[in-house]
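Just so you know, the sequences run in chain order A and B.
For the first sequence, the working numbering begins at 60 and goes up steadily by one.
For the second sequence, the working numbering begins at 28 and goes up steadily by one.
C-beta: ideal position from N, C-alpha, C; glycine also.
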Amino acid sequence: MDLHFSDATPTTEERDAVDALLGLPSSGWDGGVRDPVRDTHTARGGHEARAMRHLLLPALHAAQSRVGWLSEGALNYVCKRLSVPPADAWGVATFYALFSTTPRPKRVLHVCDDIACKCAGADTLIADLERAVGPAYHAPKGDHVEVAEFTWMRSPCLGLCDQAPAALLQEAGPQPAERMVGSATLDTLGPLLRSGTPADAVSPPFRGGAPPAPGERRLLTRRVGEVDPTSLDAYRKSGGYDALKEAIEVGAERVIAEVTASKLLGRGGAAFPTGRKWDAVARQPAQPHYLVCNADESEPGTFKDRVLMEEDPFALVESMTIAGFATGCELGYLYVRGEYPLANERVRDAIAQARESGLLGDNVLGKGVKFDIEIRRGAGAYICGEETALFNSIEGMRGEPRNKPPFPVQAGLFGKPTVVNNVETLMNVPHILMMGGAEYAKIGTEQSTGTRLFCVSGSVRKPGLYEAAFGITAKQLLEMAGGVTKGRKVQTVLLGGAAGVFIRPDELDMVLTFEGTRAAKATLGSGVFMVVDSQTELKPLLLRIAAFFRDESCGQCVPCRVGTVRQEESLHRIATGKARGGMKGEVALLDDVGMAMKDASICGLGQTAYSAVESAIHRLRIYQ
Amino acid sequence: MRSGASLYVMDPRRTETAAWADVWLGLRVGSDIALANAMARVIIHAGLVHQEFIGRATTGFDAYKACVEKYTLEFAERETGIPGDVIRDAALAYARAPRAMICWTLGITEHHNAVDNVLSLINLALLTGKVGKYGCGLNPLRGQNNVQGGGDMGAIPNRLTGFQDNTVPEIRERFEKAWGAKIQPTHGWNLTQMFHAMDEGKLTSLYIIGENPAQSDADAHRIETRLSGLDHLVVQDIFLTKTAEFATVVFPASSSWCEAEGTVTNSERRVQRCRKAVDAPGDARDDIWIINEIARRLGHDFGNPSAETVWNDVRRVAPHMFGGMSYQRLEEFDGLQWPCADESKPGAQFLHGRLWENPVGGTPAPFSVVEHEPPVEQPDAEYPFVLTTGRRLESYNTGVQSQGYNSPLHRGESVDISPEDALRMDVMDGEPLRVTSRRGSVVAPARIDDALKPGLVFMTLHSPDQVATNVLTIDEFDPKSGTAEFKACAVRVEKAFVRHAQMRATTAVVKVAH
Numbered sequence: 060m061d062l063h064f065s066d067a068t069p070t071t072e073e074r075d076a077v078d079a080l081l082g083l084p085s086s087g088w089d090g091g092v093r094d095p096v097r098d099t100h101t102a103r104g105g106h107e108a109r110a111m112r113h114l115l116l117p118a119l120h121a122a123q124s125r126v127g128w129l130s131e132g133a134l135n136y137v138c139k140r141l142s143v144p145p146a147d148a149w150g151v152a153t154f155y156a157l158f159s160t161t162p163r164p165k166r167v168l169h170v171c172d173d174i175a176c177k178c179a180g181a182d183t184l185i186a187d188l189e190r191a192v193g194p195a196y197h198a199p200k201g202d203h204v205e206v207a208e209f210t211w212m213r214s215p216c217l218g219l220c221d222q223a224p225a226a227l228l229q230e231a232g233p234q235p236a237e238r239m240v241g242s243a244t245l246d247t248l249g250p251l252l253r254s255g256t257p258a259d260a261v262s263p264p265f266r267g268g269a270p271p272a273p274g275e276r277r278l279l280t281r282r283v284g285e286v287d288p289t290s291l292d293a294y295r296k297s298g299g300y301d302a303l304k305e306a307i308e309v310g311a312e313r314v315i316a317e318v319t320a321s322k323l324l325g326r327g328g329a330a331f332p333t334g335r336k337w338d339a340v341a342r343q344p345a346q347p348h349y350l351v352c353n354a355d356e357s358e359p360g361t362f363k364d365r366v367l368m369e370e371d372p373f374a375l376v377e378s379m380t381i382a383g384f385a386t387g388c389e390l391g392y393l394y395v396r397g398e399y400p401l402a403n404e405r406v407r408d409a410i411a412q413a414r415e416s417g418l419l420g421d422n423v424l425g426k427g428v429k430f431d432i433e434i435r436r437g438a439g440a441y442i443c444g445e446e447t448a449l450f451n452s453i454e455g456m457r458g459e460p461r462n463k464p465p466f467p468v469q470a471g472l473f474g475k476p477t478v479v480n481n482v483e484t485l486m487n488v489p490h491i492l493m494m495g496g497a498e499y500a501k502i503g504t505e506q507s508t509g510t511r512l513f514c515v516s517g518s519v520r521k522p523g524l525y526e527a528a529f530g531i532t533a534k535q536l537l538e539m540a541g542g543v544t545k546g547r548k549v550q551t552v553l554l555g556g557a558a559g560v561f562i563r564p565d566e567l568d569m570v571l572t573f574e575g576t577r578a579a580k581a582t583l584g585s586g587v588f589m590v591v592d593s594q595t596e597l598k599p600l601l602l603r604i605a606a607f608f609r610d611e612s613c614g615q616c617v618p619c620r621v622g623t624v625r626q627e628e629s630l631h632r633i634a635t636g637k638a639r640g641g642m643k644g645e646v647a648l649l650d651d652v653g654m655a656m657k658d659a660s661i662c663g664l665g666q667t668a669y670s671a672v673e674s675a676i677h678r679l680r681i682y683q
Numbered sequence: 028m029r030s031g032a033s034l035y036v037m038d039p040r041r042t043e044t045a046a047w048a049d050v051w052l053g054l055r056v057g058s059d060i061a062l063a064n065a066m067a068r069v070i071i072h073a074g075l076v077h078q079e080f081i082g083r084a085t086t087g088f089d090a091y092k093a094c095v096e097k098y099t100l101e102f103a104e105r106e107t108g109i110p111g112d113v114i115r116d117a118a119l120a121y122a123r124a125p126r127a128m129i130c131w132t133l134g135i136t137e138h139h140n141a142v143d144n145v146l147s148l149i150n151l152a153l154l155t156g157k158v159g160k161y162g163c164g165l166n167p168l169r170g171q172n173n174v175q176g177g178g179d180m181g182a183i184p185n186r187l188t189g190f191q192d193n194t195v196p197e198i199r200e201r202f203e204k205a206w207g208a209k210i211q212p213t214h215g216w217n218l219t220q221m222f223h224a225m226d227e228g229k230l231t232s233l234y235i236i237g238e239n240p241a242q243s244d245a246d247a248h249r250i251e252t253r254l255s256g257l258d259h260l261v262v263q264d265i266f267l268t269k270t271a272e273f274a275t276v277v278f279p280a281s282s283s284w285c286e287a288e289g290t291v292t293n294s295e296r297r298v299q300r301c302r303k304a305v306d307a308p309g310d311a312r313d314d315i316w317i318i319n320e321i322a323r324r325l326g327h328d329f330g331n332p333s334a335e336t337v338w339n340d341v342r343r344v345a346p347h348m349f350g351g352m353s354y355q356r357l358e359e360f361d362g363l364q365w366p367c368a369d370e371s372k373p374g375a376q377f378l379h380g381r382l383w384e385n386p387v388g389g390t391p392a393p394f395s396v397v398e399h400e401p402p403v404e405q406p407d408a409e410y411p412f413v414l415t416t417g418r419r420l421e422s423y424n425t426g427v428q429s430q431g432y433n434s435p436l437h438r439g440e441s442v443d444i445s446p447e448d449a450l451r452m453d454v455m456d457g458e459p460l461r462v463t464s465r466r467g468s469v470v471a472p473a474r475i476d477d478a479l480k481p482g483l484v485f486m487t488l489h490s491p492d493q494v495a496t497n498v499l500t501i502d503e504f505d506p507k508s509g510t511a512e513f514k515a516c517a518v519r520v521e522k523a524f525v526r527h528a529q530m531r532a533t534t535a536v537v538k539v540a541h
């Protein structure tokens, strides 16, 4: 693609797919048939046209999910419809891993080869697949490409770590179908690839953690596996929307006061006090305010938000409504990870039902409160989990983080004051309102209040999602999950995901609170608790983590763009016995590069890209 | 605009600026007055005129009102091609906006009725009181950083420094006293008049500084004849231009951007310092030095002045405009806007702020009765297309300064033609077209561009060595401003070569794509 439009035109299918989203074009200038009289003498554009830029990502999704890839003709058409320069749209389309700008089959199987799945034999599965089906997808060259019926490709973490190895099947068409596959084997994947997705494509059922131990508190997961997630009635019968009623009753200021009193800290990784964030946005004079729910859960090893959205979508809708009401937002964006088809379906459904029942819209609960939710689907970019990158992604730009300040509370989405919270954080709010902030603050510890969701995967007997009041130790969590797999020993536990740290078996008494992990120079991150047993090679996992960061770096700032490459190169040299300057030399280099990334990267991705590797080197001392 | 301002673009082509605009009004070439007067009528009928301002600060409203009454939306739609509802909406938007300004460039001024075009816009601003105050006004956007400065200095045929009329004896005497030389009591010739004087043998010697008329002016064939017929031609430039090739003497000059000290004045009348950063290469000399040396050889000793000395002389002879603008103050304030009569003054943010004083400072502003008059050369059976010329973003004038380096944006010269005409004529993108006017003929590749409307083709003067567009343009000019009608002439467009049968087959495919 170029700065100028090429002559490529969309196929009827592509045009229909985009029109289904955007409606029919209004003139020859936005992709319609040129009227030789009116269109040659007038056109509209400007602010009106630029205000449509946020539809770029949905439009690209529409085109790709119909035909399987983004042709030049489709891109041209999308650009004309939205008045986006073609070079700009190219920049966006090529930013996301799920989009293909080269011809690709309609049926694509994404096979996870990330850390959790690697521990569960993903490499063997992939080798089997290569033997049975042929090599993974590669971009074809040349103009006339025969597109096969199906293909497969490797994928970073798909968020099914408790059911590793995992895969995701996507099938483009008039009714695009998607299916998540847990505990994948060649026997399940082979037929799926060849014959496609059954019409009733669903994700494997939720496999939750153990039933709550006596006295244990389940707040966020209390409906999971218990209440029909597709029924608004069932949700209301189980106490749903009581909290929103309460919120509207007591008023916005009181809601913020309760959230502040609860001492709720953000669960996305930064642990920022939620009440403070809400208060700051509520006080901003600039209008409108926006609410953004960050459901772009992509940290390897994390699947908590997926489960919450799949199993209790109405609770998220209610939580967002409360947050919007409290902070003066009339519109909330729910940015759901692209690789989560079922979660997408469930929240879409829940929002539609809520809207129909007057629980979203211009007059929520008949109380004159205005709030609605728009879903944005990600397209495969870890970086979009960073809040400002997520704003850019919603706005139709490349998902590159912004420099801070200004902070989102001042100038976030569309340059307006924005509350951005993670799914888990928001879903605490109804419970805070129902029990009162002070009461909520009694759960957990002094500094870490409430409960925490842990994504337990790897070598444990019962992997899954576990909720526990803050204060349990790593050892207790391991016990909740049934302990280490029979016959294995804990080599290490990865806490907090790829951006987290490996801890030693002798550190399992660590208290899994914000302050406890901080004191131990570890992190809770996104609640990842991945057990690696002593029969698993750790070094390939480190390489996978390094490759992940290299791949997911947006490339905007030098420390991260270059640093993640240098880090991976160094680990490769070590792995192939070509360490430069001996192991000591490589470790010194890794430390140096790591420090540069930590100190000088724009966002958290670069700042934590060395974290896991560093812990393996200095905590586990794997290179000694 | 990022803060929400609306942009309406009136242009025969949907340019990149027009594509950025909220509304594009794609008028027919040369129908500007029909559009402006129709907008005025809409504003008057909607009762949106600024009665108080008109009564206090203007004259001639009644005659103007009577004149625009015949410019109905139906008439304007017929003449401009723009749908009447779009014209009405634009007029109402302009009148209702608390702040609005009108900016224009050569599309208004390169016409046989250039001054009338400008007056029709001034009328709109007077009608709504959108002049002389914050966020309003009339802005002729300049194509160069110092077009305004050239006029300020008196590099125009009818004014001395500071726009002082040399036919007024008191003014002339003051300058004669200051400069110790005789000033002629009559107005000089403008560019177009000079060309005509060359034709008549009245002008035989010419000194050109920093201009390339051999390639930039209309009817290039005639200009070449004129330049080669001169007894003596001196060209002073930073490049050896096509014009310089005709010269008896060439003075290599330094660039006044980074190789010389001085000032420039931008479109908002802000005088700014520019500073020398590097030495000019080779034998190139500062303009001041060259002029000083010529003067010395002609018997006038200027005393080898510096740029600052020259500037202080400007301040002395035009104190009403520049008196308060010492180099020191220009540096201190990052430039000042004229008029700035003395060093206690901050400079004038609004040129016509006086119109809002009560009573009005100076003479009231007159409405002008101006009528729509289409371009001189209308398309006919023999020359059925209108050729309009202009610029492309990445190129600059005759390309002396911009064609010498590579840019991915350089696309070379082309004949931009509407998809409708291309389809009708069975023309492929890139296919050579011959464009012929009554004055000359050139060949250039076609570029099918939906910014064009049927019957209109567009070319530029950027690559005169490859495509001498100005051999086509018409030497008709506005008697009031001396500007030639570069924006409109009638041409014939035809395929330069008969195409192969095999190529025709390919065309059929391309046509489907359009």
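Mind pulling the chain B residues with CB within less than 7 Å of residue i?
i: glycine 517 (chain A); result: Within chain B, no residue comes near glycine 517 (chain A); the closest Cβ sits about 50 Å away, beyond 7 Å.
i: glutamate 107 (chain A); result: Asp49
From this set, the options, which residue's C-alpha is nearest residue i's C-alpha?
i: leucine 601 (chain A); options: A:Cys619, A:Ala579, A:Ile633; result: A:Ile633
i: arginine 163 (chain A); options: A:Ala181, A:Ala198, A:Ala341, A:Thr333; result: A:Ala198
i: arginine 277 (chain A); options: A:Ala527, A:Ala606, A:Ser660; result: A:Ala527
i: tyrosine 155 (chain A); options: A:Phe64, A:Tyr196, A:Glu459; result: A:Glu459
i: valine 627 (chain A); options: A:Gly555, A:Val646, A:Leu119; result: One point to set straight first is that residue 627 (chain A) is glutamate, not valine, in the sequence displayed. That would be A:Val646, whose Cα lies nearest to the Cα of glutamate 627 (chain A).
Pull the bridge partners of residue i from the DSSP assignment, please.
i: aspartate 264 (chain B); result: B:Pro279
i: tryptophan 51 (chain B); result: A:Ala102, B:Val36
i: alanine 368 (chain B); result: DSSP lists no partner for alanine 368 (chain B).
i: glutamine 299 (chain B); result: B:Val291
i: threonine 167 (chain B); result: For the sequence presented, residue 167 (chain B) should be read as proline rather than threonine. Per DSSP, B:Trp131.
i: glutamine 191 (chain B); result: B:Leu187
Could you list which residues in chain B have their beta carbon closer than 8 Å to that of residue i, in chain order?
i: threonine 101 (chain A); result: Val50, Trp51, Leu52, Gly53, Ile109, Pro110, Val113
Give the residues of chain A in contact with residue i, contact being defined as C-beta atoms less than 9 Å apart.
i: proline 481 (chain B); result: Pro95, Thr99
i: aspartate 477 (chain B); result: Gly87, Trp88, Arg93, Asp98, Thr99
Could you tell me which chain B residues have their CB closer than 9 Å to the CB of residue i, listed as they occur along the chain?
i: glycine 455 (chain A); result: Chain B residues near glycine 455 (chain A): none, gap ~16 Å exceeds 9 Å.
Could you list which residues in chain A have their beta carbon closer than 7 Å to that of residue i, in chain order?
i: glutamate 447 (chain B); result: Pro95
Using 8 Å as the Cβ pair cut-off and three pairs as the minimum, do the segment 209-228 of chain A and the segment 514-524 of chain A touch?
yes
Using 8 Å as the cut-off, can you tell me whether the segment 200-211 of chain A makes contact with the segment 346-363 of chain A, which would need three or more C-beta pairs spanning the two stretches below that distance?
no
Select from the segment 34-55 of chain B all residues with a C-beta closer than 8 Å to any C-beta belonging to chain A, and list them in chain order.
Leu34, Arg41, Ala45, Ala46, Trp47, Ala48, Asp49, Val50, Trp51, Leu52, Gly53, Leu54
Indicate whether the contact test is met: 3 or more Cβ pairs, each with one atom in the segment 238-250 of chain B and one in the segment 330-350 of chain B, closer than 8 Å.
no
Would you call the segment 306-318 of chain B and the segment 282-292 of chain B touching, i.e. three or more CB-CB distances under 8 Å?
yes
I want to know whether the segment 80-94 of chain A touches the segment 123-131 of chain A - three or more CB-CB distances under 8 Å.
no
Can at least three beta-carbon pairs, one atom from the segment 457-467 of chain B and one from the segment 510-520 of chain B, be found at a separation below 8 Å?
The segment 457-467 of chain B is in contact with the segment 510-520 of chain B.
Select from the segment 219-242 of chain B all residues with a C-beta closer than 8 Å to any C-beta belonging to chain A, and list them in chain order.
none
Cβ pair count under 8 Å reaching 3, the segment 366-377 of chain A against the segment 394-405 of chain A:
yes
Quick one: any contact between the segment 80-90 of chain B and the segment 383-395 of chain B, if contact means 3 or more CB pairs under 8 Å?
At 8 Å Cβ cutoff, the stretches touch.
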